[in-house]
Amino acid sequence: MNQRQHSAIAENLQQVRERIASSAALCERSPEEITLLAVSKTKPASAIEEAITAGQLAFGENYVQEGVEKVAAFSNHQPPLVWHFIGPLQSNKSRLVAENFDWCHTLDRLKIAQRLNEQRPKDKAPLQVLIQVNISDEQSKSGISLAEVPQLAADIAAMPHLMLRGLMAIPAAETDYDSQLAVFRQMTEAFNSLKLSYPQIDTLSMGMTDDMPAAIAAGSTMVRIGTAIFGARDYSA
Numbered sequence: 001m002n003q004r005q006h007s008a009i010a011e012n013l014q015q016v017r018e019r020i021a022s023s024a025a026l027c028e029r030s031p032e033e034i035t036l037l038a039v040s041k042t043k044p045a046s047a048i049e050e051a052i053t054a055g056q057l058a059f060g061e062n063y064v065q066e067g068v069e070k071v072a073a074f075s076n077h078q079p080p081l082v083w084h085f086i087g088p089l090q091s092n093k094s095r096l097v098a099e100n101f102d103w104c105h106t107l108d109r110l111k112i113a114q115r116l117n118e119q120r121p122k123d124k125a126p127l128q129v130l131i132q133v134n135i136s137d138e139q140s141k142s143g144i145s146l147a148e149v150p151q152l153a154a155d156i157a158a159m160p161h162l163m164l165r166g167l168m169a170i171p172a173a174e175t176d177y178d179s180q181l182a183v184f185r186q187m188t189e190a191f192n193s194l195k196l197s198y199p200q201i202d203t204l205s206m207g208m209t210d211d212m213p214a215a216i217a218a219g220s221t222m223v224r225i226g227t228a229i230f231g232a233r234d235y236s237a
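Residue 117 in UniProt numbering sits at position 117 of the sequence shown, and the numbers go up by one each step.
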């Protein structure tokens, strides 16, 4: 990676942080309420290193094996990086997530929750988890319906090696801001309802490069940004 690409990631991060701050200001929120998760899937360790140099410590990975390799590569970094698994999770990969990641955003089945709870090393802090909601009811996407959230939340809350922190969603792509906002507000309503029962709930993970302003206006506390930081992904490898 040459110096021009290096500086581009730092510049991109600064621009994203400024976008977060301006979006927050428009709805009278503090930018400190919103965590920036840098989505580093398919990106090399050198790109992550440049993001770290620019002050980024929280990273999201979609592919288990790739993510585990990156967690290992940066395991001695100080201060420690925070690794979030944000991709669909199959049963046969649950142990790798339980043993290596700090967060899992995509919990949508009791079976997976039980496996993660059993497989989380006892010498590690509980795995921080979010319930994924299929808010747009898309056949192609993971997640449960809003109606199913209370039961799964209750099941997770009883598991000693998981810590339920909130909800995550990937709505259907909408170019219209008002349409984006309407969907995100459904998530916020569910999030606020869940907080009444579970005081530790504090994370609403929604908003990506193309819909971040609407997500922040609706109440997102964590935005997942990849392309705007690292550039377009190359899936040809």
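Idealized CB from N, CA, C, for every residue including glycine.
Computed from a predicted model, the values in this text were never measured in an experiment.
Counted within 10 angstroms of its Cβ, other Cβ atoms place S91 as buried (16 or more) or exposed: exposed
- request: Indicate the three-state DSSP secondary structure (helix, strand or coil) for F101 in the structure shown.
  value: coil
task: Please report how far the alpha carbon of V64 lies from the alpha carbon of G87, in whole angstroms.
output: 8 Å
query: Considering only residues of the same chain and omitting the five flanking positions on each side of N100, which have a CB-CB separation below 8 Å?
result: G67, V68, V71, A72 and W83
message: Within the continuous alpha helix (DSSP H) that includes A51, where are the two ends?
response: Looking at the DSSP string, the run of the alpha helix (DSSP H) that includes A51 is A45 to T53.
- prompt: In whole angstroms, what separates the C-alpha of residue 239 from that of A58?
  reply: Lying outside 1 to 237, the shown extent of the chain, residue 239 is not represented and no answer is given.
message: Short of 7 Å in beta carbon distance, which residues of its chain neighbour R17, apart from the five on each side in sequence? Order them along the chain.
response: Contacts found: L36.
query: Are the segment 139-146 and the segment 117-128 in contact at 8 Å, needing three or more beta carbon pairs?
result: no
message: For Q114 and L130, I'd like the C-alpha separation in whole angstroms.
response: Taken atom to atom, the span from the alpha-carbon of Q114 to that of L130 is near 14 Å.
- request: Using only alpha-carbon positions, find the residue among A157, P150, R19 and G219 that is nearest to Q128.
  value: A157
task: Please determine if the segment 27-43 and the segment 212-232 are in contact, where contact requires at least 3 C-beta pairs separated by less than 8 Å.
output: yes
E138 (DSSP reduced to helix, strand or coil): coil
- request: Within the same chain, show all residues whose beta-carbon is closer than 6 Å to that of S23, passing over the 5 residues directly before and after it, in chain order.
  value: P213 and I216
A228 versus S7 - alpha carbon distance: 14 Å
query: Going by Cα to Cα distance, which pick from R165, S40 and M187 is closest to residue 242?
result: As shown, the chain starts at 1 and ends at 237. That puts residue 242 outside it, with no answer to give.
- prompt: In the DSSP assignment, what residue or residues form a beta bridge with T106?
  reply: Answer by DSSP bridge pairing: none, since T106 is not bridged.
query: For G55, is the classification buried or exposed, using 16 other Cβ atoms within 10 angstroms of its Cβ as the cut-off for buried?
result: exposed
message: Tell me which residue opens and which closes the beta strand (DSSP E) that A38 is part of.
response: T35 to V39
task: Assign Q128 to one of three DSSP states: helix, strand, or coil.
output: strand
- request: Return the CA-CA distance between M1 and N192, expressed in angstroms with no decimal places.
  value: Below a pLDDT of 50, predicted positions are generally treated as unreliable, and M1, at 46, falls in that range; no measurement from the model is reported.
query: Can the beta-carbon of M187 be found less than 8 Å from the beta-carbon of V133?
result: Contact: yes.
field: As assigned by DSSP and simplified to three states, the class of S30
entry: Assigned with DSSP and collapsed to three states, S30 falls in coil, not helix or strand.
query: Where do the ends of the beta strand (DSSP E) carrying M222 lie?
result: M222 to I225
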